[in-house]
Amino acid sequence: MNYYPFHVGDYLTHTAHLSPLEDIAYRRLLDLYYISEEMLPADPAACARKIRMREYQAEVQQVLEEFFEPCAEGWRSRRCDEEIAAMREKQEKARASAAASVAARRAKAEPAQTDRKATDERTLNERSTDVQLPTPTPIPTPCSESKDSDRKPGKRAAIDKPEGITQEVWDGFLAIRKAKKAPLTAAALEGIKREATKAGIDLQEALQVCCTRGWQGFNAEWIGGSTQAAAGKAPARTSRHSGFEKINYREGINADGTFA
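Residue 111 in this note's numbering is what sits at position 91 of the sequence shown, and the numbering runs on without skipping anything.
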């Protein structure tokens, strides 16, 4: 037992009368009792030797007679025995809890294994009713179609890079979508195209803005294009590669980077 509760107030109350050597002897005897988890030797000289106080056997014996009870097996302390028993009970409960947890996990896994075994046995039984051929039929090598059929349902197909989009911008935009756990879909890309048209820019420029701002989507209102659209006017397009200094890229974005 490497740990035991030590109540300073109680200790001082019961040991204030001890001499320094007696106090040291008592503390060392307590440590020996707890670390060995058994009674102290019946011979005071043996106790003094174990706690490295051979020259102070008289002080050791005085402490034994005052704080410990003599018995046939040695010197015992009821308080120490209670603490050791409590510690062992706690350890036993912890072991039982761990064993129960392991048993629960094992029981949970067994039904799945049982179902798999039953399926295998049923398949073997069905095969056993067939006529046995003299020559075993070779097992064909699975083709690519079988691999495609094993794909999990709902898995999105990759979106091809649209024409007119540079590879650098496309890769950057896909990386942003992936980081935000929002895989790009055909519907999402079409939505970006529509918003780019409203803003008076092409898809390349819209995706470039998304890469610059770290956006996973695009909205014409975020760059001030909604005003002209709401008024029924076509946005000014003197050039697709000019006018960026007038665009407010902060509009629609909160101070913490989230969308307004």
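Cβ atoms here follow ideal geometry from the backbone N, Cα and C, with glycine treated the same way.
Taking the CA atoms as reference points, THR217 sits about 18 Å from VAL189.
Judged by beta-carbon spacing, TRP95 lies beyond the 7 Å limit of LEU50, meaning their Cβ atoms are not closer than that value. TRP190 carries a helical assignment under DSSP once its states are collapsed to helix, strand and coil. In this structure, MET21 places its C-beta atom within 7 Å of the C-beta atom of TYR54. In terms of Cα proximity to ASP101, the closest of PRO25, THR205, ALA127, GLN228 is PRO25. Here TRP242 carries a helix assignment [DSSP, helix/strand/coil]. Within 10 angstroms of the beta-carbon of VAL28 lie fewer than 16 other beta-carbons, which makes it exposed. For LEU223, the enclosing alpha helix (DSSP H) begins and ends at 223 to 233. Per DSSP, the unbroken alpha helix (DSSP H) holding ASP30 starts and ends at 28 to 35. Proximity of the segment 30 to 37 to the segment 106 to 114 falls short of the contact definition, fewer than three beta-carbon pairs being nearer than 8 Å. Cβ-Cβ separation between ILE212 and LEU194: approximately 13 Å, too far for a contact (criterion under 8 Å). A distance below 7 Å separates the beta carbons of VAL80 and PRO64. Contact annotation, LYS70 with LEU52: C-beta distance approximately 6 Å; criterion of less than 8 Å satisfied.
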